[in-house]
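In the working numbering, the protein residues as written are 50 to 170. Here is the structure we will look at, set down as structure tokens.
Structural data, given as structure tokens:
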């Protein structure tokens, strides 16, 4: 499970960085996640071998369709839970940490049911 969580964290980071600054490089991921650049480079090589990302000639990291699907799903869950917890009165830093933990462990069925419930409320 830790391998899946780590992969999701990296893919989510790529998407967040792309949204924020238009492109993503290993150094950007290292800065965002607080990891060393060699660790990030190693992880990105594994994600590339698995077909989740590809590297452009200029070093940018690009999500494949599969990588984008996983990153988008993970980020959507993260934003939903972070917003929900903050609205419930949880401090933003705790809400962020809890959202990050839950986004990896909740089933899609339960997440969709919760999202639909709170959208109606």
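Ideal Cβ placement from N, Cα and C applies to all residues, glycine included.
On a CA-only basis, which of the options is nearest residue i? Give me that one, please.
i           : options           : result
residue 165 : 133, 154 and 145  : 133
residue 79  : 70, 63, 69 and 71 : 63
residue 57  : 109, 93 and 167   : 93
How should residue i be labelled, buried or exposed, when 16 other C-beta atoms within 10 angstroms of its C-beta is the threshold for buried?
i           : result
residue 161 : exposed
residue 128 : exposed
residue 170 : exposed
residue 115 : exposed
residue 142 : exposed
residue 137 : exposed
residue 77  : buried
For residue i, which residues from the same chain have a beta carbon less than 7 Å from its beta carbon, with the 5 sequence-adjacent residues on both sides left out?
i           : result
residue 151 : 130
residue 145 : 131
residue 149 : 127
Give me, in chain order, the residues of the same chain whose beta-carbon lies closer than 8 Å to that of residue i; leave out the 5 immediate sequence neighbours on both sides.
i           : result
residue 112 : 60, 63, 64, 67, 101, 102 and 120
According to DSSP, what are the bridge partners of residue i?
i           : result
residue 104 : 110
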